[in-house]
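Student: Line by line, the protein sequences give chains A and B. Positions 3 to 438 (the working numbering) are the ones given, in order, by the first sequence. Positions 3 to 438 (the working numbering) are the ones given, in order, by the second sequence. By construction, the Cβ of each residue, glycine as well, lies at the ideal position given by its N, Cα and C atoms. Sharing a structure with you now.
Number of protein chains: 2
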Amino acid sequence: MTTLAYCQELDVNDALRPLKDQFSLPPGVIYLDGNSLGVLPKATAARVAEVVTQEWGVGLIRSWNTAGWFAMPQKIGNKIAKLIGANAGEVVATDTTSINLYKVLSAALNIAAADSPTRKLIVSERSNFPTDLYIAEALCQERGYTLKLVESDDKSDEIAASLTADVAILMLTHVNYRTGAMHDMAAVTQAAHTAGILTVWDLAHSAGAVHVDLTASKADFSIGCGYKYLNGGPGAPAFVWVNPKHAGRFWQPLAGWWGHATPFDFTPDYRPAPGVNRYLCGTQPIINMAALDCGLEVYMAAEPFGGMAALRVKSLALTDLFIALVEERCAGFGIGLATPRAHAHRGSQVCLTREHGAGLEGGSGAFAIVQALIARGVIGDYRAGDGKTHKDIMRFGFTPLYIGFENVWHAVEHLRQVLVSEEWKRPEFNQKHAVT
Amino acid sequence: MTTLAYCQELDVNDALRPLKDQFSLPPGVIYLDGNSLGVLPKATAARVAEVVTQEWGVGLIRSWNTAGWFAMPQKIGNKIAKLIGANAGEVVATDTTSINLYKVLSAALNIAAADSPTRKLIVSERSNFPTDLYIAEALCQERGYTLKLVESDDKSDEIAASLTADVAILMLTHVNYRTGAMHDMAAVTQAAHTAGILTVWDLAHSAGAVHVDLTASKADFSIGCGYKYLNGGPGAPAFVWVNPKHAGRFWQPLAGWWGHATPFDFTPDYRPAPGVNRYLCGTQPIINMAALDCGLEVYMAAEPFGGMAALRVKSLALTDLFIALVEERCAGFGIGLATPRAHAHRGSQVCLTREHGAGLEGGSGAFAIVQALIARGVIGDYRAGDGKTHKDIMRFGFTPLYIGFENVWHAVEHLRQVLVSEEWKRPEFNQKHAVT
């Protein structure tokens, strides 16, 4: 059996442990929801205060130049680039994930329309994060394309079979938000390209969480999120990457002045900036942008400790430990594993199900168990199933920057106690409200 | 002659003067650029710090519900509604002006395509803020429409003549960013409607600056900016209003999960939220959003002082005084007025030109004069002309919340000294850099 002492020993031997000191973690909380909203870095509050009181308050309009506000999308983009296998100048931080997806999908459709006009399908997974599907649905309606949704899980993978001659774009999220299952980006991209299909990758649950190499994978377009593993704060700007071979070919329809080649000439006609800068649109939220910069600085500080490669090793050790402890200590309560065991197919989260019919009454109980854990300070989240293909999910994200092995032990011990005591059946844990 | 003592007397008698104490103005600065980036309200720094350290740092993911983050677009939208003649529930604060324009213009095109499919033109002014034209150009290209640009200034107004049977949408900025000239929203909208044309109004230089009544004007769609007169801080979220008669008819293509009727059902298919909420898309920058809320609170605090009506009276008194002082004290230096004298046609800014051929060598000098003024702490901004129709502009915004009459006197005195001493000819004031 895995012991608390063993977990403590793992922490003692963890070279990445000092990185935890860069974060402001509330006492009494084991935070396993960095996949939804990352933790506050200690440096952020002072930096945000500086932006507000000095750069805005004193510098006022001058700070667009003197404080470098204009250059933030590119400066921050260059830091993100290091985490996703992109080169400097290929990434900009801007707008939201949904909006950036609209931009790259629009550009990809422009390329497809020019190069292979008979291809009229966009393929994605039914289990993709819904906003990706909504945006694709909207663009399909605008452009006369059809969104084809396929199943992809441990039971069936219809993606390979879906790469037919009528498909223009394969749009996937690299790490699934519900299950934590991860695609092989290089292999899937190669299969798509062999079939003449462009790829769009959503890195919302990948950037800062797993090894990503957009360049080596030869991906075509990519977007991702700033407020999850990148610790950029609530609603942090998202990011966009375009393969340099595509970047100059078309402009995207959210063609605002920040994406103009010379915005301060104020010309009435649009002339797109070179490269990825044309994926900018309007004025960016500078305070949130500065907070995102602080989140990325933690990753820069992790470079002497081995950077993303070392973080990935620790992430897998944390999720391995969590799975092992749940199976050792929470057996007999109908808890199942929705996340792949194979390292190559696992992101930085572990998703548990709770089976009906395991001697238990009244729904899966997954929602109430998560609420009971939150009340104990173990913060994960819940994603409802569809009553058919997808089970209710208890989702636990493991951010190696600030989660330790003893945290994992205690999280599972709380889960065990919630199950043994049946405290999750209390009425207060069974009242639904909006969740993120 | 208008004296300093007279200006000081105006301040003494100004009932709105206490509102200035709500702002953190740097010493030695007369800030006449609130039309580009508003001033920091005193309450903002503490509120932003609370969002960062408490709501994010301690509340973490729970704050989406417990701190009301989810409801911010609507809550802030309701405050903006009071300033623009809209009703509660009709406005959301979200994304950027450019992106919101894309949304409403898309929706307006959907309506036009359904109701009057033979109309294939969008009409706007050549002197409109360029990002509006770029977004319209992009949508025209996507949808098979043509953007027709007309002239509209003190010499010729081609708008009325442009409202022909082939026009689907008239897209105007209410107060021109270069000249401060203001359209009669009700009259123009009525003329457009009589001709079967929908109207889209950009309120970037109107909201919080002049009287706006979208409801009484029967406007169709409107958008606006949070970081100018609303004092929301650099890159504050913008806003969007849709006439309730249109709000439920179509969805807009930036159809992300925040605009879904039930986002946390995570359904694979998009079902738009009722009303204006479908104009939301992705996760919003919460820190900047909280700062915008503080900016609007100042307007709520201005209600006992007479609110927007009283602010408008003071704004006109300030711009009247500025014009009078410039004409009295800066005569003989080729300074011209680009802003209409008639109150009904003037926003909250005054734009000056500097004529070539007024006995002066080397370009208009407008850029260098603005730089020299900024060096003296009088912050306005410069907008280049096109060498043809549009002259170089020296732009001075007057925000009645924090600008007083003595400020106006001193601003003009600095301008007089810059002109008399010819200090604007110094090399350091003639080096171009990016301006906002």
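Among A:Ala110, A:Gly87, A:Leu216, which residue has its Cα nearest to the Cα of tryptophan 253 of chain A?
Tutor: As a first step, residue 253 of chain A must be located in the first sequence, where it is residue number 251. Among A:Ala110, A:Gly87, A:Leu216, the Cα nearest to that of tryptophan 253 of chain A is on A:Ala110.
Student: Tell me, please, whether the CB atom of valine 54 of chain A is closer than 7 Å to any CB atom in chain B?
Tutor: Sequence index remark: in the first sequence, residue 54 of chain A carries index 52 (1-based). It does: the Cβ of valine 54 of chain A has a partner Cβ on chain B nearer than 7 Å.
Student: Where does leucine 6 of chain A land, buried or exposed, given buried means 16+ other C-beta within 10 angstroms?
Tutor: For the purposes of this step, residue 6 of chain A is taken as the residue at position 4 of the first sequence. Label assigned to leucine 6 of chain A: exposed.
Student: Roughly how many angstroms separate the alpha carbons of leucine 256 of chain B and alanine 303 of chain A, rounded to a whole number?
Tutor: The residue labelled residue 256 of chain B in the question sits at position 254 within the second sequence. The residue labelled residue 303 of chain A in the question sits at position 301 within the first sequence. The straight-line gap from Cα to Cα measures roughly 36 Å.
Student: Helix, strand or coil for glutamate 363 of chain A per DSSP?
Tutor: Working through the first sequence from its first residue, we reach residue 363 of chain A at position 361. With a pLDDT of 48 at glutamate 363 of chain A, under the threshold of 50, the modelled position of this residue cannot be trusted; read the value that follows with caution. Three-state result, glutamate 363 of chain A: coil.
Student: Between the C-alpha atoms of alanine 340 of chain B and serine 219 of chain A, what's the straight-line distance to the nearest angstrom?
Tutor: Taking the second sequence and counting its residues from 1, one reaches residue 340 of chain B at position 338. Taking the first sequence and counting its residues from 1, one reaches residue 219 of chain A at position 217. Taking the straight line joining both Cα atoms gives about 56 Å.
Student: Using a cut-off of 8 Å between C-beta atoms, extract the partners of serine 26 of chain A located in chain B.
Tutor: What you label residue 26 of chain A is simply residue 24 of the first sequence in a count that begins at 1. Ordered by position in chain B, the residues that pass the 8 Å Cβ test against serine 26 of chain A are Thr55, Gly59.
Student: Can you name the residues that DSSP bridges to arginine 348 of chain B?
Tutor: For the purposes of this step, residue 348 of chain B is taken as the residue at position 346 of the second sequence. According to DSSP, arginine 348 of chain B bridges with B:Ala183.
Student: Checking 7 Å against the spacing of the C-beta atoms, do lysine 393 of chain A and glycine 399 of chain A come in under that value?
Tutor: Position 391 of the first sequence, counting from 1, holds the residue named residue 393 of chain A. Position 397 of the first sequence, counting from 1, holds the residue named residue 399 of chain A. No. Outside cutoff.
Student: Find the nearest neighbour of valine 422 of chain B within the set B:Thr401, B:Val380, B:Ala374, judged by alpha-carbon distance.
Tutor: For the purposes of this step, residue 422 of chain B is taken as the residue at position 420 of the second sequence. When only C-alpha atoms are compared, the closest one is B:Ala374.
Student: Between the stretch 137 to 149 of chain B and chain A, which residues of the former have CB atoms less than 9 Å from a CB of the latter, in chain order?
Tutor: Taking 9 Å as the Cβ-Cβ cut-off against chain A, the residues of the stretch 137 to 149 of chain B that qualify are Ile137, Glu139, Ala140, Leu141, Gln143, Glu144, Arg145.
Student: Nearest chain A C-beta to phenylalanine 252 of chain B closer than 7 Å, yes or no?
Tutor: Numbered from its first residue, the second sequence carries residue 252 of chain B at position 250. It does not; no Cβ of chain A falls within 7 Å.
Student: Under a CB-based cut-off of 7 Å, is cysteine 353 of chain A close to chain B?
Tutor: For this step, residue 353 of chain A is matched to residue 351 along the first sequence. No, cysteine 353 of chain A lies away from the interface with chain B (no Cβ there is under 7 Å from its Cβ).
Student: Any chance the stretch 400 to 419 of chain B sits against the stretch 315 to 328 of chain B, with 3 or more Cβ pairs inside 8 Å?
Tutor: Yes, since at least three Cβ pairs between the stretch 400 to 419 of chain B and the stretch 315 to 328 of chain B fall closer than 8 Å, the two stretches touch.
Student: Kindly identify the DSSP beta-bridge partner or partners of phenylalanine 241 of chain A.
Tutor: One-based indexing of the first sequence puts residue 241 of chain A at position 239. Paired residues: A:Ala95, A:Gly226.
Student: Is it a yes or a no for the stretch 78 to 85 of chain B touching the stretch 94 to 102 of chain B, going by three-plus beta-carbon pairs under 8 Å?
Tutor: Yes, the stretch 78 to 85 of chain B touches the stretch 94 to 102 of chain B.
Student: Unbroken alpha helix (DSSP H) runs of length 4 or more, entirely within the stretch 134 to 190 of chain A: which are they?
Tutor: Here the runs fully enclosed are 161 to 164.
Student: Please report how far the alpha carbon of cysteine 332 of chain B lies from the alpha carbon of proline 429 of chain B, in whole angstroms.
Tutor: The residue labelled residue 332 of chain B in the question sits at position 330 within the second sequence. The residue labelled residue 429 of chain B in the question sits at position 427 within the second sequence. Rounded to the nearest angstrom, the two C-alpha atoms are 23 Å apart.
Student: Please confirm whether any heavy atom of the ligand FMN lies closer than 6 Å to the CB of glycine 336 of chain A.
Tutor: What this structure holds is no ligand at all, so the ligand FMN is not there to describe.
Student: Threshold first: 4 residues or longer. Then list the alpha helix (DSSP H) segments lying entirely within the stretch 57 to 134 of chain B, N to C.
Tutor: List check, alpha helix (DSSP H) in window: 65 to 68, 74 to 85, 99 to 117.
Student: Going by DSSP in three states, valine 300 of chain B sits in which element: helix, strand or coil?
Tutor: Counting from one through the second sequence, the residue named residue 300 of chain B turns up at place 298. DSSP places valine 300 of chain B in helix when its eight states are reduced to three.
Student: Look at the alpha carbon of serine 65 of chain A and the alpha carbon of isoleucine 288 of chain A, and state the distance between them as a whole number of angstroms.
Tutor: If you number the first sequence from 1, residue 65 of chain A lands on position 63. If you number the first sequence from 1, residue 288 of chain A lands on position 286. Straight-line Cα distance between these residues: approximately 11 Å.
Student: With a 10 Å radius around its C-beta and 16 neighbouring C-beta atoms as the bar for buried, classify glycine 406 of chain B as buried or exposed.
Tutor: Locating residue 406 of chain B in the second sequence gives position 404, where the first residue counts as 1. Buried, because 16 or more other Cβ atoms sit within 10 Å of the Cβ of glycine 406 of chain B.
Student: What separation, rounded to the nearest whole angstrom, lies between the Cα atoms of glycine 30 of chain A and histidine 345 of chain A?
Tutor: Against the first sequence, residue 30 of chain A aligns to sequence position 28. Against the first sequence, residue 345 of chain A aligns to sequence position 343. Going from the Cα of glycine 30 of chain A to the Cα of histidine 345 of chain A covers about 30 Å.
Student: Any idea what DSSP makes of glycine 399 of chain B, helix, strand or coil?
Tutor: In the second sequence, residue 399 of chain B corresponds to position 397, counting from 1. Note: glycine 399 of chain B maps to strand in three-state DSSP.
Student: Below 8 Å on the Cβ atoms is my guess for leucine 282 of chain A versus glycine 261 of chain A; work out the distance and round it to an integer in Å.
Tutor: Numbered from 1 along the first sequence, position 280 holds the residue referred to as residue 282 of chain A. Numbered from 1 along the first sequence, position 259 holds the residue referred to as residue 261 of chain A. Going by Cβ atoms, the distance from leucine 282 of chain A to glycine 261 of chain A rounds to 4 Å, so yes, they are a contact pair.
Student: Can you tell which of A:Leu403, A:Arg356, A:Ile371 has its C-alpha closest to the C-alpha of valine 315 of chain A?
Tutor: Indexing the first sequence from 1 puts residue 315 of chain A at position 313. The candidate whose alpha carbon is nearest that of valine 315 of chain A is A:Leu403.
Student: Specify the secondary structure class of isoleucine 405 of chain B as computed by DSSP and reduced to three states.
Tutor: Here residue 405 of chain B is taken as the residue at index 403 of the second sequence, counted from 1. Reduced to three states, the DSSP call for isoleucine 405 of chain B is coil.
Student: According to DSSP, is leucine 354 of chain B helix, strand or coil?
Tutor: Locating residue 354 of chain B in the second sequence gives position 352, where the first residue counts as 1. Looking at leucine 354 of chain B - three-state DSSP - the assignment turns out to be strand.
Student: Would glutamine 286 of chain B count as contacting chain A if we go by Cβ distances under 7 Å?
Tutor: In the second sequence, residue 286 of chain B corresponds to position 284, counting from 1. Output row for glutamine 286 of chain B: interface = yes.
Student: Quick check on DSSP: helix, strand or coil for leucine 205 of chain B?
Tutor: What you label residue 205 of chain B is simply residue 203 of the second sequence in a count that begins at 1. Three-state DSSP puts leucine 205 of chain B in coil, outside helix and strand.
Student: Answer yes or no: do tyrosine 231 of chain A and alanine 211 of chain A have a C-beta to C-beta separation smaller than 7 Å?
Tutor: Counting from one through the first sequence, the residue named residue 231 of chain A turns up at place 229. Counting from one through the first sequence, the residue named residue 211 of chain A turns up at place 209. In this structure, alanine 211 of chain A lies closer than 7 Å to tyrosine 231 of chain A by Cβ.
Student: Please report the straight-line C-alpha distance between glutamate 477 of chain B and histidine 195 of chain A, rounded to a whole angstrom.
Tutor: This structure cannot speak to residue 477 of chain B, because chain B is shown only from 3 to 438.
Student: Closest Cβ-Cβ distance between glycine 359 of chain A and chain B: below 7 Å?
Tutor: Mapped onto the first sequence, residue 359 of chain A falls at position 357. Note that glycine 359 of chain A has pLDDT 49, beneath the 50 cutoff, so the model's placement of it is unreliable and no number is given.
Student: Compare the beta carbon distance of valine 125 of chain B and valine 169 of chain B with 7 Å and say whether it is the shorter of the two.
Tutor: Looking up residue 125 of chain B in the second sequence gives position 123. Looking up residue 169 of chain B in the second sequence gives position 167. Yes. Within cutoff.
Student: Return the CA-CA distance between leucine 298 of chain B and proline 239 of chain B, expressed in angstroms with no decimal places.
Tutor: Sequence index remark: in the second sequence, residue 298 of chain B carries index 296 (1-based). Sequence index remark: in the second sequence, residue 239 of chain B carries index 237 (1-based). One C-alpha to the other measures close to 12 Å.
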